[in-house]
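Participant: Protein chains in written order, with the working numbering: chain A, 48 to 199; chain B, 48 to 199. Cβ atoms here follow ideal geometry from the backbone N, Cα and C, with glycine treated the same way. Questions regarding the structure given below will be posed in turn.
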DNA sequence: CCAAGGTGGTTGAAGGTTCAAATATTCCCG
DNA sequence: CGGGAATATTTGAACCTTCAACCACCTTGG
């Protein structure tokens with residue numbers, strides 16, 4: 048039988064949840080307005096950009112960004128239409144598909160990144176300072192691992 | 048001209064963003080599976096539940112949960128269909144509409160709450176402890192205010 | 001007092017997400 | 001090796017969100 052949250056904990060949770068929501072909304076709106084993409088699209092492009100060869104298997108990309116396979120498939124369809132991503136069959140597993148950033152995709156994500164990360168700096172690091180930001184990130188990372196049910 | 052993020056800051060940001068995403072995904076999935084509602088639906092019901100008279104003007108509810116007016120309107124339509132919320136014209140401003148939780152709505156949100164808040168306790172407070180959770184909430188709250196462009 | 005502009009709210013269509021089902025391939029066990 | 005179970009991905013339909021346009025009412029300046 049679980050212990051319910053105290054009044055103080057409840058209050059903390061509301062602030063935590065509200066803060067996350069507002070931050071994500073602001074970032075989403077900016078990417079939408081300035082780069083014509085969703086925050087989710089950006090995550091996909093950005094993961095691919097950091098990957099070796101700028102390619103990833105669909106499944107591992109989906110895990111990385113926390114998408115269902117189906118959602119990723121639809122999203123990659125759209126970005127393939129836009130010319131940002133291309134698909135190739137995976138050489139080692141004939142079931143698999145690899146998604147790769149195109150030249151255009153690289154350009155698009157690099158352009159979006161600078162404005163995006165600048166807003167992150169303004170809303171996160173400038174507001175709470177580097178030290179607290181680090182502690183907050185560490186805590187959220189642990190929470191995220193618990194939420195994903197990761198080991199260790 | 049903005050200073051770009053350092054490697055350390057980037058790393059912190061990735062962990063912060065990933066943690067938020069995983070946590071919100073987990074909470075959303077649980078509400079969907081166990082209560083048949085979206086995390087967003089839950090936020091709406093939960094705000095109404097805490098409001099005096101269990102009623103709020105559409106606009107102020109929208110601001111509270113960070114929805115566009117249109118999104119809130121559609122969402123309230125659905126929940127009105129479900130019998131969880133009712134609408135009345137606002138007595139003091141004939142343009143306005145008030146949304147109110149129905150008896151059924153109260154029951155539904157109270158049922159959903161206990162499982163939901165229990166998961167919050169497990170994923171947040173049990174993982175990082177009360178003290179760090181408080182500090183994290185405080186930081187995220189400040190960040191959220193900055194993101195909403197709030198004064199003070 | 002009335003007209004222009006602002007505010008509160010809804011609607012419809014277009015596009016995005018979810019869920020279940022389908023397909024193709026690989027893995028593994030007897 | 002043969003066949004069932006598991007894995008990788010896609011598709012289509014139903015549902016949700018966004019965006020732009022709209023109506024109704026309030027407010028304010030001339």
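Using the beta-carbon count (16 or more within 10 Å), is residue 77 of chain A buried or exposed?
Facilitator: Residue mapping note: residue 77 of chain A aligns to position 30 of the first chain, counting from 1. It counts as buried.
Participant: Check residue 98 of chain A in the structure and name its three-state DSSP category.
Facilitator: The count along the first chain starts at 1 and reaches residue 98 of chain A at position 51. Of the three classes helix, strand and coil, the one that applies to residue 98 of chain A here is coil, per DSSP.
Participant: By how many angstroms is the C-alpha of residue 181 of chain A removed from the C-alpha of residue 115 of chain B?
Facilitator: Locating residue 115 of chain B in the second chain gives position 68, counting from the first residue. Locating residue 181 of chain A in the first chain gives position 134, counting from the first residue. When rounded, the distance between both Cα atoms is 32 Å.
Participant: For a test of the three-state rule: what should DSSP assign to residue 149 of chain B, helix, strand or coil?
Facilitator: For the purposes of this step, residue 149 of chain B is identified with residue 102 of the second chain, where counting begins at 1. Here residue 149 of chain B sits in coil by DSSP.
Participant: Residue range of the alpha helix (DSSP H) that residue 69 of chain A falls in?
Facilitator: Your numbering for residue 69 of chain A matches position 22 in the first chain. 54 to 82 is the span of the alpha helix (DSSP H), which, as asked, contains residue 69 of chain A.
Participant: Mark residue 57 of chain B as exposed unless 16 or more other C-beta atoms lie within 10 angstroms of its C-beta, in which case mark it buried.
Facilitator: As a first step, residue 57 of chain B is located in the second chain; it is residue number 10 there, counting from the start. Exposed, because fewer than 16 other Cβ atoms sit within 10 Å of the Cβ of residue 57 of chain B.
Participant: Of all the residues that make up the segment 78 to 98 of chain A, which are near chain B by a beta-carbon distance shorter than 9 Å?
Facilitator: Answer set for the segment 78 to 98 of chain A: 90.
Participant: Which whole-angstrom value is the C-beta distance of residue 52 of chain B and residue 168 of chain A, which I expect to be below 8 Å?
Facilitator: Start at 1 with the first residue of the second chain, and residue 52 of chain B comes out as number 5. Start at 1 with the first residue of the first chain, and residue 168 of chain A comes out as number 121. That belief holds up - the Cβ atoms of residue 52 of chain B and residue 168 of chain A are roughly 6 Å apart, short of 8 Å.
Participant: Along the alpha helix (DSSP H) that carries residue 168 of chain B, what are the first and last residues, could you check?
Facilitator: To locate residue 168 of chain B, count along the second chain from 1; it is residue 121. Careful: residue 168 of chain B lies outside any alpha helix (DSSP H) and carries neither H nor E.
Participant: Just confirm the distance between the C-beta atoms of residue 63 of chain B and residue 183 of chain A, as a whole number of angstroms; I'd bet it's less than 8 Å.
Facilitator: Counting from 1 along the second chain, the entry for residue 63 of chain B is found at position 16. Counting from 1 along the first chain, the entry for residue 183 of chain A is found at position 136. Contact holds; Cβ gap of about 6 Å.
Participant: Identify the residues that DSSP records as bridge partners of residue 103 of chain A: which are they?
Facilitator: In the first chain, residue 103 of chain A corresponds to position 56, counting from 1. Its beta-bridge partners are A:146.
Participant: Identify, in the order they occur along the chain, each residue of the same chain with its Cβ nearer than 8 Å to the Cβ of residue 134 of chain B, setting aside the five sequence neighbours on each side.
Facilitator: In the second chain, residue 134 of chain B corresponds to position 87, counting from 1. Taken in chain order, the residues that qualify are 123, 127, 144, 145, 146, 147.
Participant: Taking all protein chains shown into account, do 16 or more other C-beta atoms lie within 10 angstroms of the C-beta of residue 81 of chain B, making it buried, or fewer, making it exposed?
Facilitator: Position 34 of the second chain, counted from the first residue, corresponds to residue 81 of chain B. By the 10 Å Cβ count, residue 81 of chain B comes out exposed.
Participant: Determine the extent of the beta strand (DSSP E) in which residue 141 of chain A is found, giving its start and end residues.
Facilitator: As a position in the first chain, residue 141 of chain A is number 94, starting the count at 1. Premise fails: residue 141 of chain A is in no beta strand (DSSP E) and is neither H nor E.
Participant: Across which residues does DSSP place residue 136 of chain A in a beta bridge pair?
Facilitator: Sequence index remark: in the first chain, residue 136 of chain A carries index 89 (1-based). DSSP lists A:144 as partners of residue 136 of chain A.
Participant: Using 8 Å as the limit for Cβ to Cβ distance, is residue 132 of chain B near chain A?
Facilitator: Position 85 of the second chain holds residue 132 of chain B. Chain A, which has no Cβ nearer than 8 Å to the Cβ of residue 132 of chain B, makes this no.
Participant: Between which two residues does the alpha helix (DSSP H) harbouring residue 116 of chain A extend?
Facilitator: Here residue 116 of chain A is taken as the residue at index 69 of the first chain, counted from 1. Unbroken alpha helix (DSSP H) run through residue 116 of chain A: 116 to 128.
Participant: Which one of A:130, A:87, A:131, A:141 has the shortest CA to CA distance from residue 119 of chain A?
Facilitator: For this step, residue 119 of chain A is matched to residue 72 along the first chain. Nearest C-alpha to residue 119 of chain A: A:87.
Participant: Whose CA, out of B:193, B:149, B:96, B:176, lies closest to the CA of residue 172 of chain A?
Facilitator: Position 125 of the first chain, counted from the start, is the residue given in the question as residue 172 of chain A. For the residues B:193, B:149, B:96, B:176, the minimum Cα distance to residue 172 of chain A belongs to B:193.
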